[in-house]
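Residue numbers for the sequence shown follow our numbering, so the first one is 60 and each next one is one higher.
Presented below is the structure to which this report refers.
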Amino acid sequence: MKIHQISGYIQQIYLAEYPDKLLLLDGASRADVGTILRYIRDD
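Pasting the structure below:
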């Protein structure tokens, strides 16, 4: 498992990466949805 830290609109967002899935540990805010999707798609 690897933990990713993403800078969000208000606070840090934590995303756990497993070999076959992702787990969003902090639901973030509505303004962060695009940021999270871009991170998953582009990184």
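Glycine included, each C-beta is placed from N, C-alpha and C at the ideal position.
Query - Inter-residue spacing [alpha-carbon to alpha-carbon] between Gly-67 and Asp-79 - result: Looking up residue 67 in the sequence shown gives position 8. Looking up residue 79 in the sequence shown gives position 20. Distance between the alpha carbons of Gly-67 and Asp-79 is about 24 Å.
Query raised in the report: For the candidate residues Tyr-77, Ile-72 and Met-60, whose alpha-carbon lies nearest to that of Gly-93?
Result: For this step, residue 93 is matched to residue 34 along the sequence shown. The residue with the shortest Cα to Cα distance from Gly-93 is Ile-72.
Query raised in the report: For Leu-96, is the classification buried or exposed, using 16 other Cβ atoms within 10 angstroms of its Cβ as the cut-off for buried?
Result: Mapped onto the sequence shown, residue 96 falls at position 37. Around the beta carbon of Leu-96, a 10 Å sphere encloses fewer than 16 other beta carbons of the protein chains shown; the residue is thus reported as exposed.
Query raised in the report: For Ile-65, which residues from the same chain have a beta carbon less than 6 Å from its beta carbon, with the 5 sequence-adjacent residues on both sides left out?
Result: Walking along the sequence shown from the start, residue 65 turns up at place 6. Here the set comprises Ile-72 and Tyr-98.
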